[in-house]
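*Asks:*
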Amino acid sequence: MKKTGSDIHLTLVQVVMSAAVALFWVSTSHALTASADVPLRDPWVPADTRKAAAAAPAPVATSGADLKKQVELKLKKSFDAALVNGDGTLSAAQADAAGLGFVVKHFNEIDQRKLGVVRFEDVTRFMNSRGARLD
Amino acid sequence: MTLSIRSKALPLLFALSALLLGGCGGGGGTSATTSPPPDTPAAAYTDPTVYSSGAGASVAVANEATAVTHFQTMIGGVAIPYTATTGHLTANRLATEAPLASFFYVAYTADNKDLTKRPVTFFYNGGPGSSTVWLHLGSFGPKRLAASAPSTTTAVPFPLVDNAESLLDVSDLVFVDAVGSGLSQAIAPNINRSFWGVDADAAVFRDFVRRYVKVNGRDASPKFLFGESYGTTRSAVLANLLESAGMSLSGVVLQSSVLNYNTNCEQNPLPAVRCSGFMPSYGAVGAWFSLTTPTPTAAALPAYVDTLRTLANNELDPAQRVFLLFGTLPTNDLLPRLAAATGIASSRWQAQFNMTPSYFQTYLVAGQLIGRYDGRVSVPVSSPLASEGDPSSTFITPSFVSTIASYLPNTLKYTNPSNYTTLSNAINFWDFTHDGLSLPDTIPDLAAAFAHNPKLKVLSLNGYHDLATPFHQTEIDVARLGVNPNVQNKFYSGGHMTYLDDTSRVQQKADLAQFYLSALAQ
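Those protein sequence lines, which keep their order, are chains C and F. Residues 4 to 138 (the numbering used here) are what the first sequence spells out, left to right. Residues 902 to 1423 (the numbering used here) are what the second sequence spells out, left to right.
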């Protein structure tokens, strides 16, 4: 069947309209995804994350000495992220620049050697002196 | 059009907010000694900024102007005048102070208190991706939605009533929404998604808390965190980050915890994860429906639950371990004893011996779906309330969604053209990795917070009938911290949101008041 001019005009209008509808659908369906398609299920882990977790080795729920070791490693990692001297020590200014406010706040007590720089073991010794029982 | 309005309005707003802040702080955080300054005038505020929960969304410039309203409420027979401050506050990156995110918050501060002694508590829900509407309008704020849990026949929307159990007599309360939820949003060049992960989220919350404390002169105030569900995951990580940054906390309140996703058999797909930690919750729910043998009275529930703990630890857990390794069911009388203890048939235990909560919800009562958040809720499977898989959540949600939308402009005088995002889809983008694990275990974070601050106090609140974060698994997770008098567990009749139960909320308030007292005595 041969299309007339008005048929083509109609078709163009339809194309424009359906594009508008599609755009509207995309924008509203995004909004809906945020509220309706994800009912609050807290806590919840999405399917893809579950798959990744299933492929990883089973984690150990540490306690006692193993947990203390884990905590010490965690603290060391955050201390080491601030290191710039290359000798394992931090000045108060360096600790401040790295956001280690705890070290800055207690710097004089941690710096028992009175060298103006502290080592990781100085920090844990100070923590233990306050009752942290890391060792 | 919109752009030109915004570009004209923003500098003005900035000048206004600078004026307001100048007026509040008197030129620095330390000079404010009472909360809030008595001269803070009430002021409605219309924030023209359009906020979006989209993963790629950000605001170009943050707006820190606030609406300020004054109220008075009665708590324990004492009149408490208070100020509500509603608006946004920018979290700046630790050390560099680069702007990261514009956090939406509502702060309730009792008037004329000594800021050096007055505690301030930061509240947030979890999800991840949830706004803080649940804690804000349901728990210990000055007003609460009267949900009367576990009723599903209460007229909706629930009335918003003065909260006789508000914590405002004990602490100032700041309800803050995670980035991409509520009206909180990333600041360019960051996008919301930049903060959608365990570590990035906790870090930006740390930077919000630091900023709030600084701007409001709260350096000396005792500080508390109050997170629920994923919010407890956040709290554990956040507590360590705050302590490490030099901000000492007095206490952390954990409402219905998921501190280790790896031990929750509903969340972790590993074939070795046992569901035994859920079984005492099944028994509490079965007892609610009088399906257990014996059926304890409400007062005898704690003693009954003790027998379930013993059964779970000594018999079910080892038997599930064997089952998951070899596929063999126990040959002794464990199945019928589990049926008696939980109220779900022996054949069901046989069909799914490592019984998941969704299985229990479906099969405890024929033709009925049991609630996940609150196992005391039961509706016919054909009910519209069953359509989302958790009738206890579906029933309460519309009241919270509609009330926050009217409460912000009408009561708190804060108006904004955007929709308040009760729940974003952040969870579908969330980076769950933490410390080398695919799913977070945050017990080491809590332990690290204690290493920084051995005086820290932790209160773990649990609902006996919560099938989302089972109380027994939580107490097992918390026990990894070792014997520590600064860690307390409390249990209440009720679901995930124990505070929606009118009896439990009263007990919970009393326990919280006691907890704050003991934390402040440290």
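Yeah, the Cβ is synthetic: ideal placement off N, Cα and C, and Gly gets one too. Note that the structure is a prediction, hence the values are computed from the model and not measured.
Output the boundary residues of the alpha helix (DSSP H) element that contains I1245/F.
*Replies:* Premise fails: I1245/F is in no alpha helix (DSSP H) and is neither H nor E.
*Asks:* Could you tell me the alpha carbon to alpha carbon distance between A1348/F and S66/C, rounded to whole angstroms?
*Replies:* When rounded, the distance between both Cα atoms is 10 angstroms.
*Asks:* With C-beta atoms as the reference, is D1108/F less than 9 angstroms away from R1135/F?
*Replies:* Taking 9 angstroms as the Cβ cut-off, D1108/F and R1135/F do not qualify as a contacting pair.
*Asks:* Once you ignore the five residues that flank Y1393/F on each side, which residues in its own chain have a CB closer than 8 angstroms to its CB?
*Replies:* If we look at Y1393/F and ignore the five residues flanking it on each side, its Cβ neighbours are L1362, N1363, G1364, Y1365, T1399, D1402, S1405, Q1408 and Q1409.
*Asks:* Keeping to the same chain, check which residues put their C-beta closer than 8 angstroms to that of P1058/F; ignore five residues upstream and five downstream.
*Replies:* If we look at P1058/F and ignore the five residues flanking it on each side, its Cβ neighbours are L1046, P1299, S1300, S1303 and T1304.
*Asks:* By the 8 angstroms beta-carbon criterion, what residues does the region 1322-1346 of chain F contribute toward chain C?
*Replies:* Within the region 1322-1346 of chain F, the residues whose Cβ lies closer than 8 angstroms to some Cβ of chain C are T1322, T1323, L1324, S1325, N1326, I1328, N1329, W1331, F1333, D1336, L1338, S1339, L1340, D1342, I1344, P1345 and D1346, listed in chain order.
*Asks:* Grouping DSSP H, G and I as helix and E and B as strand, with all else coil, what is V121/C?
*Replies:* Residue state, collapsed to three classes: strand.
*Asks:* Examine chain C for any beta-carbon lying closer than 9 angstroms to the beta-carbon of Y1162/F, and answer yes or no.
*Replies:* Y1162/F counts as touching chain C.
*Asks:* Would you say M902/F reaches chain C, if we count a Cβ-Cβ gap shorter than 9 angstroms as a contact?
*Replies:* Any reading at M902/F must be qualified, since the residue scores a pLDDT of 27, below 50, and its modelled position is unreliable; the value itself is stated next. With 9 angstroms as the cut-off, M902/F does not count as an interface residue toward chain C.
*Asks:* Out of V1105/F, P1195/F and G1268/F, which one is the CA nearest neighbour of A997/F?
*Replies:* The residue you asked about is not Ala; residue 997/F is Thr in the sequence shown. The residue with the shortest Cα to Cα distance from T997/F is V1105/F.
*Asks:* Within 10 Å of its beta-carbon, does E1129/F have 16 or more other beta-carbons around it, so buried, or fewer, so exposed?
*Replies:* When all chains shown are included, E1129/F counts as buried.
*Asks:* Pick helix, strand or coil for E998/F, following the three-state DSSP scheme.
*Replies:* Coil.
*Asks:* Would you call the region 1314-1331 of chain F in contact with the region 952-971 of chain F, where contact means no fewer than 3 C-beta pairs closer than 8 angstroms?
*Replies:* With the cut-off at 8 angstroms, the region 1314-1331 of chain F and the region 952-971 of chain F touch.
*Asks:* Any C-beta of chain F within less than 7 angstroms: which residues of the region 69-85 of chain C qualify?
*Replies:* Cβ contacts with chain F come from L70, Q73, V74, K77, L78 and S81.
*Asks:* Compare the C-beta of F105/C with all C-beta atoms of chain F and state if any pair is closer than 9 angstroms.
*Replies:* Yes, F105/C lies at the interface with chain F (some Cβ there is under 9 angstroms from its Cβ).
*Asks:* Here's the rule I'm using: 16 or more other beta-carbon atoms within 10 Å means buried, otherwise exposed. How should G928/F be labelled?
*Replies:* Residue confidence is low: G928/F scores 31 on pLDDT, short of 50, so the model does not pin down where it sits. Its coordinate-derived value is still stated next. G928/F comes out exposed.
*Asks:* According to DSSP, which residues form a beta bridge with G863/F?
*Replies:* With chain F covering 902 to 1423 only, the question about residue 863/F has no answer from this structure.
*Asks:* Tell me the DSSP secondary structure of I976/F in three-state form.
*Replies:* Strand at I976/F.
*Asks:* Grab the span of the alpha helix (DSSP H) containing T1263/F for me, first residue to last.
*Replies:* Per DSSP, T1263/F belongs to the alpha helix (DSSP H) from P1258 to Y1264.
*Asks:* With burial defined as no fewer than 16 other Cβ atoms inside 10 Å of the residue's Cβ, what is the status of P1345/F: buried or exposed?
*Replies:* Label assigned to P1345/F: buried.
*Asks:* Under DSSP, the beta strand (DSSP E) around Y1321/F begins and ends at which residues?
*Replies:* Counting along the chain, Y1321/F falls outside any beta strand (DSSP E), and DSSP gives it neither H nor E.
*Asks:* Quick one: what's L1236/F bridged to in DSSP?
*Replies:* DSSP, once it has assigned bridges, lists no residue as partnering L1236/F.
*Asks:* Could you check whether the Cβ of F1296/F sits closer than 9 angstroms to any Cβ belonging to chain D?
*Replies:* The displayed structure is made up of protein chains C and F, and chain D is not among them.
*Asks:* Please identify the residue among T92/C, L137/C, K108/C and M130/C whose C-alpha is closest to the C-alpha of A1146/F.
*Replies:* For the residues T92/C, L137/C, K108/C and M130/C, the minimum Cα distance to A1146/F belongs to K108/C.
*Asks:* When you compare the CB of P1029/F with every CB in chain C, is at least one pair closer than 9 angstroms?
*Replies:* Yes, because at least one Cβ of chain C sits closer than 9 angstroms to the Cβ of P1029/F.
*Asks:* Report yes or no: is there a C-beta of chain C within less than 9 angstroms of the C-beta of P1318/F?
*Replies:* Judged by the 9 angstroms Cβ criterion, P1318/F is not in contact with chain C.
*Asks:* Based on the DSSP secondary-structure assignment, which residues constitute the bridge partners of V969/F?
*Replies:* Partner(s): A944/F and T986/F.
*Asks:* For chain C, find out if any of its Cβ atoms is closer than 9 angstroms to the Cβ of T1134/F; answer yes or no.
*Replies:* Yes, T1134/F lies at the interface with chain C (some Cβ there is under 9 angstroms from its Cβ).
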